[in-house]
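Numbering (our numbering), first residue to last: 130 to 461. The block underneath contains the structure these notes are about, expressed in structure tokens.
Okay, structure coming up:
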């Protein structure tokens, strides 16, 4: 490990960090090449990058130097001590959000509206990632600070965040196998007659790169929904995602001509139905975000076969809107 020490001494600055993790090889990877096993355990890093780290001496096997093609077996111990330069944007900040559950492997949080998940152009700070790093600085060692799935800025609800590389690999694998169940509630514009399954391709909009759109050759996107309640001019629906494409629910509901209430991107011009009360008209105009809430999340707890379910309470603005729409039923 002298090589690592020399590198840190020569190049250290405030943005230099270390990924320090340890894996114990399990039966699933017994007999695999070292780089192959690590590719499975660290799915967000390319195999070529992992091979580079091994060759640089930043990864050791059973306390010995090793090669990418070396075989690993059940019970072997892999240690990572990898230097990297942290992104300037990924700095701890105090951000308000509710933690529904935490243990050594995961956080489960309730994301509020008006909170961007990842730092990006125009949102270099004040994000969920910044808030998570304030709670657990070790998350900087993980891809995207442990976040394995995201919610749009103004979508509320439950999210799971990995706290270790092993937990991250487990959750990513469950997502890829479509074993994580994500359930939402949403309010649509217009009355939806019945539930259905929507299966299309979704890709970046050809003219507006900030939007997604239904396209024949896009990535497969599957959304299931049922009608929970009908109002005179709107519907409350329960939605289950089978895939997780960007803006998937919003794009799919707009595709069937029932965009989400308040959606500033896919909802078109705000619609105020004729004949409603002035009070309801005001509430509809003032609802400035898509009416979408991630209500329930279920998955296998990393490191065990325990099936767990977490729910996020419906936010106040959503509840107020539902109450107002409910009153419109009585007045109709």
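Each residue gets a CB set at the ideal place from its N, CA and C atoms; glycine is no exception.
If we call anything under 8 Å between Cβ atoms a contact, is residue i one with residue j?
i: residue 167; j: residue 148; result: no
i: residue 364; j: residue 401; result: no
i: residue 277; j: residue 237; result: no
i: residue 385; j: residue 371; result: no
i: residue 262; j: residue 253; result: no
i: residue 163; j: residue 212; result: no
i: residue 245; j: residue 219; result: no
i: residue 287; j: residue 425; result: yes
i: residue 378; j: residue 317; result: no
i: residue 341; j: residue 375; result: yes
i: residue 260; j: residue 224; result: yes
i: residue 159; j: residue 194; result: no
i: residue 397; j: residue 388; result: yes
Skipping 5 residues on each side, what residues in its chain have a beta carbon closer than 6 Å to that of residue i?
i: residue 447; result: 422
i: residue 353; result: 326, 369
i: residue 309; result: 303, 428
i: residue 156; result: 203
i: residue 383; result: 395
i: residue 188; result: 182, 209
i: residue 409; result: 453, 457
Between residue i and the rest of its own chain, which residues show a CB-CB distance below 8 Å, the 5 nearest in sequence each way excluded?
i: residue 339; result: 394
i: residue 142; result: Note on residue 142: pLDDT 39, under 50, position unreliable in the model; the coordinate value appears next. Cβ within range, chain order: n/a, list empty.
i: residue 346; result: 330, 332
i: residue 138; result: Only weak support exists for where residue 138 lies, its pLDDT of 34 falling under 50; the value from the coordinates is given anyway. Result list for residue 138: empty, nothing under 8 Å.
i: residue 136; result: Residue placement at residue 136 cannot be trusted, given a pLDDT of 34 that sits under 50; the coordinates are not used to answer.
i: residue 360; result: 320, 454, 455, 457, 458
i: residue 131; result: Note that residue 131 scores 30 on pLDDT, short of 50, meaning its location in the model is unreliable and no value can be drawn from it.
i: residue 445; result: none
i: residue 334; result: 340, 341, 342
i: residue 226; result: 238, 239, 240, 241, 244, 257, 260
Please determine, among the options, the residue with the shortest C-alpha to C-alpha distance to residue i.
i: residue 229; options: 391, 239, 303, 415; result: 239
i: residue 185; options: 169, 209, 389, 314; result: 209
i: residue 293; options: 317, 284, 285, 267; result: 267
i: residue 205; options: 241, 258, 151; result: 151
i: residue 415; options: 435, 438, 425, 391; result: 391
i: residue 306; options: 154, 161, 409, 373; result: 373
i: residue 355; options: 322, 376, 334; result: 322
i: residue 170; options: 396, 348, 272; result: 272
i: residue 274; options: 280, 284, 247; result: 247
i: residue 222; options: 450, 265, 407; result: 265
i: residue 442; options: 343, 410, 313, 411; result: 313
i: residue 399; options: 387, 409, 405, 413; result: 413
i: residue 154; options: 200, 175, 315, 174; result: 200
i: residue 311; options: 450, 440, 175; result: 440
i: residue 420; options: 438, 449, 177; result: 449
i: residue 243; options: 232, 249, 255; result: 255
i: residue 328; options: 343, 282, 403; result: 343
i: residue 315; options: 227, 192, 436, 381; result: 381
i: residue 362; options: 336, 337, 334, 403; result: 403
i: residue 437; options: 192, 231, 358, 405; result: 231
i: residue 358; options: 337, 324, 435, 336; result: 324
Starting from the C-beta of residue i, find all residues in its chain whose C-beta is less than 7 Å away, skip the five residues before and the five after it, and write them out in chain order.
i: residue 181; result: none
i: residue 452; result: none
i: residue 233; result: 292
i: residue 477; result: Because the chain here runs from 130 to 461, residue 477 falls outside it and cannot be looked at.
i: residue 283; result: 242, 243, 418, 419
i: residue 175; result: none
i: residue 348; result: 330, 331, 332, 374
i: residue 280; result: 240, 246, 286, 288, 423
i: residue 190; result: 163, 199, 201, 205, 207
Should residue i be flagged as near chain D, meaning a C-beta pair shorter than 8 Å?
i: residue 285; result: The structure shown contains no chain D; it holds only a single protein chain.
Would you check if there are 3 or more beta carbon pairs closer than 8 Å linking the region 285-302 to the region 420-438? yes
So within the region 302-374, which uninterrupted beta strand (DSSP E) runs reach at least 3 residues, ignoring any that extend past its ends? 310-318, 325-333, 341-343, 348-359, 363-370
Which parts of the region 160-230 are runs of the alpha helix (DSSP H), unbroken and 4 residues or longer, counting only runs that do not cross its ends? 163-170, 176-184
Mind pulling the alpha helix (DSSP H) runs of 4 or more residues that sit fully within the region 407-458? 407-415
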